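Count along the sequence shown from 1, add 52, and you get the number used in our numbering.
So the structure is just underneath, and the comments pick up after that.
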Amino acid sequence: MVSWKAAAALGVVLLGLVAYLVVSQHRSARQPPPFVSCDPATAVLLQVQGQGRTFAMQRGNDLGEWQITQPAREPAEGTAADGLVESADGVQVLNTIGRPDGLGQYGLDRPRDVVTCRVKAGTSFTLTVGNPSFDGSGYYARKEGDSRVYVISGVQVEALERALTAPPVSQSSNATP
Numbered sequence: 053m054v055s056w057k058a059a060a061a062l063g064v065v066l067l068g069l070v071a072y073l074v075v076s077q078h079r080s081a082r083q084p085p086p087f088v089s090c091d092p093a094t095a096v097l098l099q100v101q102g103q104g105r106t107f108a109m110q111r112g113n114d115l116g117e118w119q120i121t122q123p124a125r126e127p128a129e130g131t132a133a134d135g136l137v138e139s140a141d142g143v144q145v146l147n148t149i150g151r152p153d154g155l156g157q158y159g160l161d162r163p164r165d166v167v168t169c170r171v172k173a174g175t176s177f178t179l180t181v182g183n184p185s186f187d188g189s190g191y192y193a194r195k196e197g198d199s200r201v202y203v204i205s206g207v208q209v210e211a212l213e214r215a216l217t218a219p220p221v222s223q224s225s226n227a228t229p
């Protein structure tokens, strides 16, 4: 026969498990949507313009391999290409300026970079990146169709900018016969 102590202990464990599940579901439901929607699972185009250069890569609606289309047409290295899309999708907002007084003071009148992503469904976003923020923690940025100015994390911006000078070219396309 089961003692009342064992039954009570089992009840406490069961109660704790239920509480954990409720709290974890509540936390996941509160996750905000990404600042820019460039889901790596559905992205079909990523373009970065800046520093007088353009980098672009795309893939078909079958979501196959990435192909670099600019500066030259060649296969992209899959993991690095996916990482670039994840950088675009993972842009973090550090601060929001709701009513900016002109775009010039943020460097958005002459942007440092313009990042465009399109997903399989046909929707796209364009993110304009301006000057570094006053404390150097990020960059001023603006989403197309949004009047606000944001301070975004510099980590993702710098990862995207690297594609301008070092595109993620597949090593097999560089092999000599």
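Cβ atoms here follow ideal geometry from the backbone N, Cα and C, with glycine treated the same way.
The structure presented is a predicted model; accordingly, all values stated were derived computationally and were not measured.
>> Relative to the C-alpha of Arg-151, which candidate in Pro-86, Ser-222, Asp-198, Met-109 has its C-alpha closest?
In response: Asp-198
>> How far does the alpha helix (DSSP H) with Leu-179 in it extend, from its first residue to its last?
In response: From DSSP, Leu-179 is part of no alpha helix (DSSP H) but of the beta strand (DSSP E) over 176-184.
> Taking just the CA atoms, how far does Lys-57 sit from Asp-187?
Replying inline: 59 Å
> Enumerated in chain order, which unbroken segments of the beta strand (DSSP E) with a length of 3 residues or greater are wholly contained in the region 89-150?
Replying inline: 95-102, 105-110, 119-122, 145-149
> Would the beta-carbon of Tyr-202 fall within 8 Å of that of Val-145?
Replying inline: yes
>> Less than 8 Å between the C-beta atoms of Gly-182 and Ala-193, yes or no?
In response: yes
>> Taking 6 Å as the limit between beta carbons, can you name the residues of its chain near Phe-106, skipping five residues before and five after?
In response: Note that residue 106 corresponds to Thr in the displayed sequence, not to Phe. Cβ within range, chain order: Gln-122.
> According to DSSP, is Gly-206 helix, strand or coil?
Replying inline: helix
> Looking at Ala-140 and Leu-212, is the spacing between their C-beta atoms short of 8 Å?
Replying inline: yes
>> Quick test of your reading: Cys-169 and Leu-98, contact by CB under 8 Å. State the CB separation rounded to the nearest angstrom.
In response: 5 Å
> Which residues mark the beginning and the end of the beta strand (DSSP E) in which Val-171 is found?
Replying inline: 165-171
> Are the beta-carbon atoms of Thr-94 and Val-143 separated by less than 8 Å?
Replying inline: no
> Can you tell me where the beta strand (DSSP E) with Tyr-192 in it begins and where it stops?
Replying inline: 190-195
> Buried or exposed: where does Thr-180 fall if 16 or more other Cβ atoms within 10 Å of its Cβ makes it buried?
Replying inline: buried
>> Since Asp-134 and Pro-92 should fall inside the 8 Å C-beta cutoff, what is the C-beta to C-beta distance between them, to a whole number of angstroms?
In response: 6 Å
>> Here's a check: name, in chain order, each residue in its chain whose Cβ is nearer than 7 Å to the Cβ of Pro-220, leaving out the five neighbours to either side.
In response: Ala-128, Glu-129, Ala-132, Ala-133, Leu-136
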